[in-house]
Amino acid sequence: MVMIRKIVYNGGIMAAKKTQKSTKRSSQTSKSITRSSSSGRKVSRRPELVVKAIVDPKTRAKLARKRMKRAPMSWREWTLLGVIVTCVVAILCSFAVKASFHPEEDAEKSLERLTSAYYTEYLYPRIMGDKTDARAVMEQYVDTGFPLVYLRQFLTFNDQKYAGEKKYFSNEHYECDENTSRVHFVPVEPYGEKDYTYTATMSCERVEE
Numbered sequence: 406m407v408m409i410r411k412i413v414y415n416g417g418i419m420a421a422k423k424t425q426k427s428t429k430r431s432s433q434t435s436k437s438i439t440r441s442s443s444s445g446r447k448v449s450r451r452p453e454l455v456v457k458a459i460v461d462p463k464t465r466a467k468l469a470r471k472r473m474k475r476a477p478m479s480w481r482e483w484t485l486l487g488v489i490v491t492c493v494v495a496i497l498c499s500f501a502v503k504a505s506f507h508p509e510e511d512a513e514k515s516l517e518r519l520t521s522a523y524y525t526e527y528l529y530p531r532i533m534g535d536k537t538d539a540r541a542v543m544e545q546y547v548d549t550g551f552p553l554v555y556l557r558q559f560l561t562f563n564d565q566k567y568a569g570e571k572k573y574f575s576n577e578h579y580e581c582d583e584n585t586s587r588v589h590f591v592p593v594e595p596y597g598e599k600d601y602t603y604t605a606t607m608s609c610e611r612v613e614e
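Residues 406 to 614 in our numbering are what the sequence shown lists, from first letter to last.
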């Protein structure tokens, strides 16, 4: 009988220990569940934190810079970009040259230079000669003017001093007839070497490209 009681007693102790262990395990399990639930609450808060961060201008700027970053361009992409830029620059330069190039205006400016030089350096001294009374000499040409002066004469007078002006009247864009293009000078008061008017009749045309 004594031995049997001891066995029963020992069995009760073992059962109590097992109960304590199971209680600890359940408490640990509940704690882990509580921790996981608390960690779950932290995860659920992360989107809110992200939203608050994006509202911040500095953070939003950083995110924008990150999105703008990309991988370095390859040599093929750089080559293609260089070709595109070169073509665009060439087209823009072509348009700029065409917009700034006016052969008619260049010819008109050249004609002004030639008429001024011809009248002061050649025509006026030739008409006056040794005479000193300019009014007496010039008044007789007021109604009729001086004889016509042709473009070829402007380009060859004074030992062809102004022959270089020919490029404005004969080039790949503009062509003038030197034998029919002419100027008619008329003296005006007070009849000095720079007192005159002129009428130009130019036979010119723009060359088609």
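Virtual Cβ for every residue (Gly too), placed ideally from N, Cα, C.
#### Entry: Whole-Å CB distance - M533 paired with V547, under 8 Å assumed
Walking along the sequence shown from the start, residue 533 turns up at place 128. Walking along the sequence shown from the start, residue 547 turns up at place 142. So it is not a contact: roughly 15 Å between Cβ atoms.
### Query
Using the rule of at least 16 other Cβ atoms within 10 Å of the residue's Cβ for burial, across every protein chain shown, is S479 buried or exposed?
Walking along the sequence shown from the start, residue 479 turns up at place 74. Exposed, by the Cβ-count rule.
### Task
Within 10 angstroms of the Cβ of K581, are there 16 or more other Cβ atoms? Answer buried if so, exposed if not.
The count along the sequence shown starts at 1 and reaches residue 581 at position 176. Note on identity: in this sequence residue 581 is Cys, with Lys being the wrong assignment. So C581 ends up on the buried side.
### Task
Could you tell me which of A522, C492, E577 sits nearest to V509, measuring between CA atoms?
In the sequence shown, the residue the question calls residue 509 occupies position 104. According to the sequence displayed, residue 509 carries Glu and not Val. Ranking A522, C492, E577 by Cα distance to E509 puts E577 first.
### Query
Looking at the structure shown, is Y661 part of a helix, part of a strand, or coil, going by DSSP?
Limits of the chain in this structure are 406 at one end and 614 at the other, which puts residue 661 out of reach.
### Message
For a test of the three-state rule: what should DSSP assign to E577, helix, strand or coil?
### Response
On the sequence shown, residue 577 is found 172 positions in, with the first residue counted as 1. Here E577 sits in coil by DSSP.
### Query
Within this structure, are the beta carbons of T525 and E613 separated by less than 7 Å?
Numbered from its first residue, the sequence shown carries residue 525 at position 120. Numbered from its first residue, the sequence shown carries residue 613 at position 208. One thing to note: T525 has its Cβ no nearer than 7 Å to the Cβ of E613.
### Query
Which first and last residues belong to the alpha helix (DSSP H) in which P592 is found?
The residue given as residue 592 occupies position 187 in the sequence shown. Run containing P592: none in the alpha helix (DSSP H); it sits in the beta strand (DSSP E), 587 to 592.
### Task
Report yes if the C-beta distance between V591 and D600 is below 7 Å; otherwise report no.
Taking the sequence shown and counting its residues from 1, the one referred to as residue 591 is at position 186. Taking the sequence shown and counting its residues from 1, the one referred to as residue 600 is at position 195. No.
### Query
Grouping DSSP H, G and I as helix and E and B as strand, with all else coil, what is V612?
For the purposes of this step, residue 612 is taken as residue 207 along the sequence shown, with counting starting at 1. Looking at V612 - three-state DSSP - the assignment turns out to be coil, as it is neither helix nor strand.
#### Entry: Y529, enclosing alpha helix (DSSP H) - first and last residue
Taking the first residue of the sequence shown as position 1, residue 529 is located at position 124. Counting along the chain, the alpha helix (DSSP H) containing Y529 begins and ends at 529 to 533.
### Message
Using only the alpha-carbon positions, how far apart do E570 and P552 sit?
### Response
Working through the sequence shown from its first residue, we reach residue 570 at position 165. Working through the sequence shown from its first residue, we reach residue 552 at position 147. Whole-angstrom Cα-Cα distance: 22 Å.
### Query
Just the Cα atoms here: how many angstroms apart are L486 and H507?
Sequence index remark: in the sequence shown, residue 486 carries index 81 (1-based). Sequence index remark: in the sequence shown, residue 507 carries index 102 (1-based). Roughly 34 Å between the two C-alpha positions.
### Query
Going by other Cβ atoms of all chains shown within 10 Å of its Cβ, with 16 needed for buried, is A512 buried or exposed?
The count along the sequence shown starts at 1 and reaches residue 512 at position 107. So A512 ends up on the buried side.
### Query
Using the C-alpha atoms, what's the distance from R518 back to K572?
The residue given as residue 572 occupies position 167 in the sequence shown. The residue given as residue 518 occupies position 113 in the sequence shown. Their backbone Cα atoms lie some 14 Å apart in a straight line.
### Task
Please classify T602: does DSSP put it in a helix, a strand, or coil?
As a working note, residue 602 is residue 197 in the sequence shown. Here T602 sits in strand by DSSP.
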